[in-house]
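Report on the following structure.
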DNA sequence: CTCCAGGAGTATC
DNA sequence: GATACTCATGGA
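The structure is reproduced here in structure tokens:
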């Protein structure tokens, strides 16, 4: 297996990046990870200032790797602008954790599956959807399955969606397949405009919309507030503050500014590993 | 058995 | 705009 190399000029923590709950299509393989992203299936491992990867299926190249792992985000500059001592300590702990730029459609399916669930189950649900309804790809490592495209998903009956074990989320996936946003246009819109479009889809609320914007559409100011982040904010950033998730999200966006999503991801990862 | 989970829609006030 | 109830399933 011949590995290509990307030289890292900024801090990177591959382990924290893939395991921080923003992306579900990965698994441990040897010293690194196997990753699925659209039609691509690749292996990646990290050693100091070098990221090595090998495309098993698809067409990943250095530029795609840089884009996917957010390697051009200047983390030190982003975090330097925040004066919260607690956030600084979290940054020192996970320095190099980056926001992945995953596929918007796959991200939407994933985070609709995520509501009122948990990471192991979300991962399992996504795999089941891919295995039953997605395109099979033969690779040297065996068969892998793409997530179904909107067209493929629209051919699946509501009963068959329920049968995958996604529960009440089945009806939202059913609707999403028939009312898929034009994700391409959302990247160039401003945050609130793009969010309004996402919120028009049944099953996409405040939190899921912010996840889609942050994890796949390069809107780094998005600040998804779930139960974990709510606890994290109330414990570490705004002690004792009450309010709805939407109110806390607005509060956090105002406090952290244009790259608020990065603060969110570090706080989420820290909350999930310590609380 | 009951309770709750990376929420969101709907009804009701 | 706030609150209560509901939605499926699975794990504790």
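Residue numbers (the working numbering): 123 to 397.
Backbone N, C-alpha and C fix where the C-beta goes; we use that ideal spot for every residue, glycine too.
Closest residue to residue i among the options (Cα-Cα distance)
i: residue 173; options: 124, 187, 163 and 162; result: 187
i: residue 366; options: 328, 305 and 288; result: 328
i: residue 217; options: 357, 170 and 319; result: 170
i: residue 162; options: 141, 265 and 231; result: 265
i: residue 336; options: 386, 272 and 357; result: 386
i: residue 128; options: 267, 392 and 185; result: 185
i: residue 236; options: 164, 273, 377 and 346; result: 346
i: residue 123; options: 360, 148, 149 and 262; result: 262
i: residue 158; options: 238, 245 and 134; result: 245
i: residue 231; options: 276, 364, 397 and 307; result: 276
i: residue 206; options: 378, 363 and 351; result: 378
i: residue 145; options: 226, 183 and 177; result: 226
i: residue 132; options: 151, 194 and 324; result: 194
i: residue 203; options: 179, 380 and 307; result: 380
i: residue 272; options: 141, 160 and 154; result: 160
i: residue 384; options: 278, 333, 320 and 147; result: 333
i: residue 302; options: 326, 290, 285 and 286; result: 326
i: residue 135; options: 308, 305, 167 and 361; result: 167
C-beta atoms of residue i and residue j nearer than 8 Å
i: residue 280; j: residue 228; result: no
i: residue 330; j: residue 222; result: no
i: residue 390; j: residue 354; result: yes
i: residue 394; j: residue 143; result: yes
i: residue 292; j: residue 298; result: no
i: residue 175; j: residue 125; result: yes
i: residue 350; j: residue 208; result: no
i: residue 247; j: residue 288; result: yes
i: residue 178; j: residue 165; result: yes
i: residue 220; j: residue 318; result: no
Coarse secondary structure for residue i, derived from DSSP in three states
i: residue 132; result: coil
i: residue 400; result: This structure gives no information on residue 400, because the portion of the chain shown stretches from 123 to 397.
i: residue 347; result: coil
i: residue 241; result: helix
i: residue 352; result: helix
i: residue 278; result: coil
i: residue 397; result: coil
i: residue 301; result: coil
i: residue 312; result: coil
i: residue 367; result: helix
i: residue 247; result: helix
i: residue 204; result: coil
i: residue 376; result: helix
i: residue 325; result: coil
Residues bridged to residue i [DSSP beta-bridge criterion]
i: residue 173; result: 128 and 168
i: residue 266; result: 259
i: residue 148; result: 157
i: residue 163; result: 158 and 179
Check: residue i C-beta below 7 Å from any heavy atom of the ligand NAP
i: residue 171; result: Of ligands this structure carries none, so the ligand NAP is not represented either.
Does the region 332-351 come close enough to the region 303-319 that 3 or more CB-CB pairs lie under 8 Å?
yes
Would you call the region 241-259 in contact with the region 192-201, where contact means no fewer than 3 C-beta pairs closer than 8 Å?
no
State whether the region 206-219 contacts the region 257-277, with contact taken as three or more CB pairs (one from each stretch) at a distance under 8 Å.
no
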